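Residue numbers (the working numbering), protein chains in the order written: chain A, 1 to 370; chain B, 1001 to 1247.
Inspection log for the structure reproduced underneath, given as structure tokens.
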Amino acid sequence: MTISPDASKELHVFKPMPDLPAPLESVGIIGWLKGNLFSSKINSLLTFAALLFLWKAVPPLISWTIIDATWSLSSTPDPTPKTGACWTFIFVKFRVLMVGLYPQELLWRPILAFVIFGVVCVLTALRRLQTRLLIALWFFLPLPLFFLINGGIGLEIVEQSLWGGLMLSTGLAAIGIIMSIPLGILLALGRRSNMVIVKSLCIGIIESIRGVPLITILFMASVMLPIFLPRGMNINNLLRVQIGIILFSSAYIAEVVRGGLQAISQGQIEAAASIGLKNWTITYFIVLPQALRHVIPSLIGRCVALFKDTSLVIIVGLLDFLGMIKASAQDPEWLGYDAEAYVFCALIYWIICFSMSQYGKSIEHRNQWS
Amino acid sequence: MNQQNIPIIEITNLNKWFDNFHVLKNINMTVHKGEIIVICGPSGSGKSTLIRCINRIEEHQKGKIIVAGTELTGKMKNIASVRKEVGMVFQDFDLFPHLTVLENLTLAPAWILKMPRKKAEETAMALLKRVQIHDQAFKMPGQLSGGQQQRVAIARALCMNPKIMLFDEPTSALDPEMVKEVLDVIRQLAHDGMTMICVTHEMGFAKQVANRILFMDQGEIVEENNPETFFTSPKYDRTQKFLSQII
Ligand SMILES: Nc1ncnc2c1ncn2[C@@H]1O[C@H](COP(=O)(O)OP(=O)(O)OP(=O)(O)O)[C@@H](O)[C@H]1O
Ligand SMILES: [Mg+2]
Chain A
1 MTISPDASKE
11 LHVFKPMPDL
21 PAPLESVGII
31 GWLKGNLFSS
41 KINSLLTFAA
51 LLFLWKAVPP
61 LISWTIIDAT
71 WSLSSTPDPT
81 PKTGACWTFI
91 FVKFRVLMVG
101 LYPQELLWRP
111 ILAFVIFGVV
121 CVLTALRRLQ
131 TRLLIALWFF
141 LPLPLFFLIN
151 GGIGLEIVEQ
161 SLWGGLMLST
171 GLAAIGIIMS
181 IPLGILLALG
191 RRSNMVIVKS
201 LCIGIIESIR
211 GVPLITILFM
221 ASVMLPIFLP
231 RGMNINNLLR
241 VQIGIILFSS
251 AYIAEVVRGG
261 LQAISQGQIE
271 AAASIGLKNW
281 TITYFIVLPQ
291 ALRHVIPSLI
301 GRCVALFKDT
311 SLVIIVGLLD
321 FLGMIKASAQ
331 DPEWLGYDAE
341 AYVFCALIYW
351 IICFSMSQYG
361 KSIEHRNQWS
Chain B
1001 MNQQNIPIIE
1011 ITNLNKWFDN
1021 FHVLKNINMT
1031 VHKGEIIVIC
1041 GPSGSGKSTL
1051 IRCINRIEEH
1061 QKGKIIVAGT
1071 ELTGKMKNIA
1081 SVRKEVGMVF
1091 QDFDLFPHLT
1101 VLENLTLAPA
1111 WILKMPRKKA
1121 EETAMALLKR
1131 VQIHDQAFKM
1141 PGQLSGGQQQ
1151 RVAIARALCM
1161 NPKIMLFDEP
1171 TSALDPEMVK
1181 EVLDVIRQLA
1191 HDGMTMICVT
1201 HEMGFAKQVA
1211 NRILFMDQGE
1221 IVEENNPETF
1231 FTSPKYDRTQ
1241 KFLSQII
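Spelled out as structure tokens, the structure:
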């Protein structure tokens, strides 16, 4: 049967009904308030309690941090008694907080390193680069930055005992993350290997590291490793600590990656085998890319955790960002500025960690195939 | 049809166990070049396991399987050379979801045959044209319908230029209106002279294209016949009962 336009019987024409606006109380601000803040008696009560708390807490906080605060750039403490924060303290201590005791006249080197690092971070966040290029860039990055800060090849050497502050925290965390992701992947693959020896070895490494707090590992790396090393072989303290951090993080990343590996169906592996791909090609092209995409949120979570964990290096005598904050707060010339010190510390940690998790969220959204 | 007499798959006294479960019992079968074999039988009878032994996605414990002149043993070299000759299509397509349609097809030729990228892409496009889906080459598999995905899977199985194709219920996971487009592609392959073993319950299709139909139950080949005899006068009561249930 065909329907021709000149059929004798006239067809009814379907006219869609116009869209009507939704009732006011279900949309807009009122709708949102009703739905989210006052949806039940308990919810309304909680809303009022929260408002009361904010009303009591926020104005004093604002006046302490901003309105009553001292912002002067002088280099000595303000003798007048204060009601607000004295940010002068942070300005004065800013250099040590950022780079530790790094020599003043060579300051351009960490600044340049910081700028390069920042540019790479921004490039990563903007996602302008191909994934492959980005990975290569991050792998390559630590090398030039290390030489820039450490010296060598024509640059004056700066002793590592002078390094500190946020530079040290970021460095330890960044190298920790960059090195522990591939190591963690290898451990996770080893744990699923058919070879019993490899498998047991990986399980042994992963589980013994995970069974111990990071503090212990740092302590062992710093104090006990030298005892086990052959005579004459001398690794400096910073490197030992860095190795400890990498090992610790690898074990956790291995477990995260293992979760992703388990999510890959046997069918994928069989399909890959059936077109003639061999074991390592299957792992590299089929299993790993999918597994890693599954675990990006937890991987980012691990990175954030690792960044915060680096603050523990203070127990083996390294003055990272938190260490410098603490040391500054105890400066006899600047006593009584603990609050400023720790508020600033929290703010910096929060900015960095929050940015990392936002980045994680953004790639999580992008990675839905289909 | 003199090539009908060249055996390309020879299976003798094949036995396989999953732990203590005897899943394949003394299977003997020979497939000749250009033949189209349909395997049917109730769920759990070992159909999938049998064809998965042919490209050693499953390992057998006893008996002999020779595919295109190579015996399947533990030797990686033999397995690799058999897999080069055998393509396989799965019930759930199993396309690689993180790769584009085109990349699904070029991966193996590029890495196993070391084919230059451009040549691999040309070959892949030609295959996609053959299954009539070349206009979707740059999409992700998840963006395609089931029928389209299965056609891509067929093209992927063809990407190493195999002599034999294995199909494991290629239309079972599809919505009814997509079954035809996939069967049409398989029909076309049959017409082009591909040697095929197809596990399916599409009996109309079996009647049309199969040279022989095997009926399996509880790990054995119960009955083996040409389609006409198979459907009109089966030898065994078990076959008859099965046929009466699915037709
Ligand atoms: N990896 C395995 N381990 C243990 N038992 C298995 C495994 N794979 C299959 N089996 C069992 O072997 C038997 C045959 O399985 P097979 O998948 O070959 O059946 P089939 O004929 O293809 O059935 P279907 O029509 O449901 O696909 C079934 O009883 C199944 O439970
Ligand atoms: Mg099956």
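Virtual Cβ for every residue (Gly too), placed ideally from N, Cα, C.
The structure presented is a predicted model; accordingly, all values stated were derived computationally and were not measured.
Check whether the Cβ of residue i lies closer than 6 Å to any heavy atom of ligand 1, and answer yes or no.
i, result
"Phe1018(B)", "yes"
"Thr1239(B)", "no"
"Gly267(A)", "no"
"Ser1045(B)", "yes"
"Val256(A)", "no"
"Val1284(B)", "This structure gives no information on residue 1284(B), because the portion of chain B shown stretches from 1001 to 1247."
In angstroms with no decimal places, state the Cα-to-Cα distance between residue i and residue j.
i, j, result
"His1060(B)", "Val1023(B)", "10 Å"
"Tyr342(A)", "Leu46(A)", "30 Å"
"Ser370(A)", "Gln1149(B)", "With a pLDDT of only 48 at Ser370(A), under the threshold of 50, the placement of this residue in the model should not be trusted, and no figure is reported."
"Thr1073(B)", "Leu1014(B)", "13 Å"
"Val1131(B)", "Leu1105(B)", "13 Å"
"Gly184(A)", "Ile203(A)", "12 Å"
"Pro60(A)", "Leu54(A)", "10 Å"
"Glu340(A)", "Met167(A)", "20 Å"
"His1201(B)", "Leu1166(B)", "15 Å"
"Thr1114(B)", "Lys278(A)", "For the record, residue 1114(B) in the displayed sequence is Lys; it is not Thr. Near 14 Å, if we compare the C-alpha coordinates of Lys278(A) and Lys1114(B)."
"Leu318(A)", "Trp1111(B)", "48 Å"
"Lys1207(B)", "Leu126(A)", "58 Å"
"Val223(A)", "Ile215(A)", "12 Å"
"Val374(A)", "Phe1242(B)", "The structure shown does not extend to residue 374(A), since chain A is modelled only from 1 to 370, so the question has no answer here."
"Val1179(B)", "Pro1162(B)", "24 Å"
"Cys1040(B)", "Thr1123(B)", "33 Å"
"Lys1129(B)", "Glu1085(B)", "22 Å"
"Met1076(B)", "Pro230(A)", "42 Å"
"Ile175(A)", "Pro77(A)", "38 Å"
"Lys1062(B)", "Gln1136(B)", "44 Å"
"Trp1017(B)", "Lys1139(B)", "41 Å"
Any beta-carbon of chain A closer than 7 Å to the one on residue i?
i, result
"Lys1047(B)", "no"
"Asn1078(B)", "no"
"Lys1207(B)", "no"
"Asp1175(B)", "no"
"Ser1233(B)", "no"
"His1060(B)", "no"
"Asn1055(B)", "yes"
"Phe1096(B)", "yes"
"Ala1108(B)", "yes"
"Asp1092(B)", "yes"
Any heavy atom of ligand 2 closer than 6 Å to the CB of residue i?
i, result
"Ser1172(B)", "no"
"Ser1048(B)", "yes"
Hey, is residue i's beta-carbon within less than 7 Å of any beta-carbon in chain B?
i, result
"Leu134(A)", "no"
"Thr281(A)", "yes"
"Gln104(A)", "no"
"Gln388(A)", "Chain A is shown from 1 up to 370; residue 388(A) falls before or after that span and cannot be answered."
"Ser214(A)", "Residue 214(A) is actually Leu in this sequence, not Ser. Chain B, which has no Cβ nearer than 7 Å to the Cβ of Leu214(A), makes this no."
"Ile264(A)", "no"
"Ser193(A)", "no"
"Pro289(A)", "yes"
"Glu270(A)", "yes"
"Gly31(A)", "no"
"Gly260(A)", "no"
What is the C-beta distance between residue i and residue j, in whole angstroms, given that I count them as a contact (C-beta under 8 Å)?
i, j, result
"Leu162(A)", "Leu101(A)", "4 Å"
"Gln266(A)", "Ile286(A)", "Contact doesn't hold; Cβ gap of about 12 Å is too wide."
"Ile1154(B)", "Val1185(B)", "6 Å"
"Arg109(A)", "Ile66(A)", "That pair is no contact at about 34 Å."
"Glu1071(B)", "Ile1065(B)", "7 Å"
"Ala329(A)", "Tyr337(A)", "6 Å"
Check whether the Cβ atoms of residue i and residue j lie closer than 7 Å to each other.
i, j, result
"Met324(A)", "Leu137(A)", "no"
"Ala188(A)", "Arg132(A)", "no"
"Leu238(A)", "Gln160(A)", "yes"
"Ile264(A)", "Ala272(A)", "no"
"Ala1173(B)", "Asp1094(B)", "no"
"Val1082(B)", "Ile1213(B)", "no"
"Ile135(A)", "Ser180(A)", "no"
"Gly84(A)", "Trp64(A)", "yes"
"Pro1097(B)", "Pro1141(B)", "yes"
"Gly1193(B)", "Gly1087(B)", "no"
"Pro1170(B)", "Val1222(B)", "no"
"Ala1108(B)", "Met1160(B)", "yes"
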